[in-house]
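Here's the structure, in structure tokens; my notes come after.
Structure below.
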């Protein structure tokens, strides 16, 4: 199930909230686990068993890690940790990467091993990473062991961030699983954050996506450039909108999750960009891969090797396809160059120059990201650089009629709207009422877009 | 060492600051906080309850389609994911106040200055114009080729062929369209003219004269539908009759009947523009038109109109009863010349004018695989009218089959 759907809001959330708040505090984690499993099973019911299996394995590994560690049996603790890492990575590897591996082996060795037909369990990349963070945190004694399997299950399946992040590290919610704040402030702040994310996804991301689809096939220079620009906005508002919805839902349930995006398109370098984009993933790789590998403490060569590993994996994490790996390595290269000398120069350069530099590189990053068919990607790149007419009547039309949308998208990517909102919010009660009314209006309008998406007049246009 | 900024921490700091701020102001903001939470949940629960309580609707008149009904639950369909996906469709189709929300979406697109919604442009004066971009000029070329092959073979066999292209509303409505949309289809018409010229086919341009009339404010196209009005069809008929070589009946010959003033057409449905007024459908009646017989293959009725459609959404289908592979209009007394028409639905409202003088054999290439050449030879027809609107001309619509069986002419 996705948040931006009628059945989520008017069926699932409506029912879950009643049950959650109707039961006494000590039952709430159990309710969370139960409703989250329903959420997870909505689209692919059989994978609920996979999920339960994951929970049990990681619960057990965490339990043993802690037990052995406390008994001073470091080797045994380490074995339990490794068991958790291996089992999670095997699951992820099988469902997400097996066919990709087979395809490449086949191509490389000229053999024809059969691929398997399995659907990717939704959210597996997110929840395996979360579950891993738990066992590692316990091993490192960054978090206490969770003896209650229900609470642990609630953490792994927590529906707000189950299928699209943010990746919540166990140590960040450890305390909240035991006790959390249910208050009007949290609830109202959660509702506002959720609506904001909902609007980002439904109004901005979907509109930008529709424009990208139109321009994608435009076969013109201008159309291709505009297309990739609109795609950049689509992916940002889609993903950050989803994160906002997750954070908002979390607050409604009493959890404080860490932010996942921080105005990435205002970055003044690529180094800066990766501190603002999908923060929870960057943090995860830093904490659980880069630093354990030695980070930057083992000499220059090792540092660059570590950076390479992290970015290869970051790319691969996004999908089982070479373009994602290239996308990761593309950023690896830029980050290394920035580390060597460019960052110094960028910090001295005028902000506008640094921003344009970042945006251009990010734009080409998205070009790598969006085409998993390399041939199509190269053809598109050729069009961007002149292997097509500059523009066409239809492209002009679409460009002009989406100009306002483009402006809205650009402004919404900056901190400006939030700043203005809070400035006004402080000013007067009237402004606060306007803010409240806006939130409710946004909820209405987003619902209208969802309802309209099923509005398919049987159009006898053709007849 | 470069001092690095830690935006990931900034983000959390910002979130925490805002939450602390909210906590500090919780007494001041209490009313707004209560309101936003109460309204959010009221919204969710009211619509959730209405969804369960309100009876399901079978059809959507606006969309002219059946709406999904509640899926049958079974463990197999749940396990396969079929149940949940059908449930999503069901919920969207039966959502309370669905039309209100569709209208609201249209309005917000309008406010966003989008100029269009669901592919329909908002014109001045309540005109809803379907956007028309054809980029596939190859299909156009093939279709023109097929028309050319057919008409040449027919002309050689002594059959008179008239070819005409009608404009879509987007082609003629420049005077009410926002500036960016004006002339957007000119390139297409140039290609069309070039294709005909390169094959030496004479054709009648019905777009230019109707565009002229449209710009003078005449009601030649519907505001809420993509077709021309009956009056528009009449003006096109005048031009065509001249071309075919018969004199057009004057307007006085017909009595105008106001068949419906509640016509909400296709572009109205698509745009979801609830604030637009309906169109008027007129019938141009003449003495004896009720004595003609319309034979649609599976049904036959007297006269040229199937009035039961006037009680439905799809009122335009009352002309000849809508699309069919072949429609014959014949006079009971007989003895009239036959005119064969290859057409799309634009001809339907024009049919009554030609029916005043001819028996009609009306063929829609999209629904038939019969050889037209064979019909022409078998039924001894010596006059053919090919009337298609510009969009049909540019898409796969069975026109290729026109060239099929043209050998039949050789035996004529």
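Residue numbers (my numbering), protein chains in the order written: chain A, 124 to 586; chain B, 88 to 499. The C-beta atom is built at its ideal place from N, Cα and C for all residues, glycine as well.
| Item | Value |
| --- | --- |
| Host beta strand (DSSP E) of residue 207/B (start-end) | 207-209 |
| Three-state secondary structure (DSSP) of residue 475/A | helix |
| Chain A contacts made by the stretch 189-205 of chain B, where a contact means CB separation under 7 Å | 189, 191, 192, 195, 199, 200, 201, 202, 203 |
| Continuous alpha helix (DSSP H) stretch holding residue 366/A: start and end | 344-375 |
| Residue 651/A: contacting residues in chain B (beta-carbon distance under 9 Å) | Since the displayed chain A opens at 124 and closes at 586, residue 651/A lies outside it and no answer follows. |
| Under 7 Å (Cβ pairs) to chain B, residues found in the stretch 153-181 of chain A | 165, 166, 167, 168, 169 |
| DSSP state of residue 92/B mapped onto helix, strand, coil | Caution applies to residue 92/B, whose pLDDT of 42 falls short of 50 and renders its modelled position unreliable; the value that the coordinates give is listed next. Three-state DSSP puts residue 92/B in coil, outside helix and strand. |
| Of the listed residues 238/A, 546/A, 280/A, nearest to residue 251/A (C-alpha basis) | 280/A |
| CA-to-CA distance, residue 192/B to residue 388/A, given in whole angstroms | 29 Å |
| As assigned by DSSP and simplified to three states, the class of residue 368/B | strand |
| Per DSSP, cross-strand counterpart(s) of residue 418/B | 379/B |
| Exposed unless 16 or more other CB atoms sit within 10 angstroms - verdict on residue 594/A | Past the boundaries of the shown model lies residue 594/A; chain A is included only from 124 to 586, so the question cannot be answered. |
| Cβ pair residue 260/B, residue 214/B closer than 8 Å | yes |
| Residue-chain proximity (residue 89/B, chain A), Cβ-Cβ < 8 Å | Caution is warranted here: a pLDDT of 33 is assigned to residue 89/B, below 50, making its placement in the model unreliable, and the coordinate value is therefore given only provisionally. Yes, because at least one Cβ of chain A sits closer than 8 Å to the Cβ of residue 89/B. |
| Contact set for residue 93/B: own chain, Cβ-Cβ below 6 Å, skip 5 residues either direction | Here residue 93/B scores only 47 on pLDDT, less than 50, and its place in the model should not be relied on; the value that follows carries that caveat. Around residue 93/B: no qualifying Cβ. |
| Uninterrupted alpha helix (DSSP H) stretches inside the stretch 380-443 of chain A (no shorter than 4 residues) | 393-399, 402-408, 423-440 |
| Cβ-based contacts, 9 Å cut-off: residues of the stretch 118-130 of chain B near chain A | 118, 119, 120, 121, 122, 123, 124, 126, 127, 128, 130 |
| Under 8 Å by beta carbon: chain B residues contacting residue 435/A | Under the 8 Å cutoff, chain B gives no residues; its nearest Cβ is about 21 Å from residue 435/A. |
| Limits of the unbroken beta strand (DSSP E) element including residue 353/B | Counting along the chain, residue 353/B falls outside any beta strand (DSSP E), though it belongs to the alpha helix (DSSP H) covering 353-358. |
| Alpha-carbon spacing of residue 261/A relative to residue 183/A, whole angstroms | 12 Å |
| Partner residues on chain B for residue 556/A, Cβ-Cβ distance less than 9 Å | 118, 119, 122 |
| Cα-Cα separation, residue 513/A to residue 344/A | 5 Å |
| 8 Å Cβ cutoff, residue 249/A in contact with chain B | no |
| Buried/exposed call for residue 501/A, threshold 16 Cβ in 10 Å | exposed |
| Extent of the continuous beta strand (DSSP E) run through residue 348/B | 342-350 |
| Presumed contact (8 Å Cβ cut-off) between residue 466/A and residue 451/A, rounded CB distance | That pair is no contact at about 19 Å. |
| Separation of residue 562/A from residue 347/B, as counted between CA atoms | 43 Å |
| Per-residue contacts from residue 179/B into chain A (C-beta, under 8 Å) | 129, 573, 574, 576, 577 |
| Own chain, CB closer than 7 Å to residue 431/A, minus 5 neighbours either side, in chain order | 455 |
| Beta-carbon proximity of residue 143/A to residue 154/A, cut-off 8 Å | yes |
| Extent of the continuous alpha helix (DSSP H) run through residue 177/A | 170-193 |
| Beta-carbon contacts of residue 412/B that lie in its chain and below 7 Å, excluding the five residues immediately before and after | 384, 451, 454, 455 |
| Three-state secondary structure assigned by DSSP to residue 501/B | Outside the modelled stretch of chain B, which goes from 88 to 499, sits residue 501/B, for which no answer is possible. |
| Cβ-based neighbour list, residue 229/B, same chain, cut-off 7 Å, excluding 5 preceding and 5 following | 487 |
| Amino acids of chain B, ordered along the chain, whose beta-carbon sits closer than 9 Å to that of residue 514/A | Within 9 Å Cβ-Cβ: nothing; residue 514/A doesn't reach chain B, min ~12 Å. |
| Contacts that residue 480/A makes with chain B (C-beta to C-beta distance below 9 Å) | Near residue 480/A there are no residues of chain B at all, since even the closest Cβ is about 16 Å away, more than 9 Å. |
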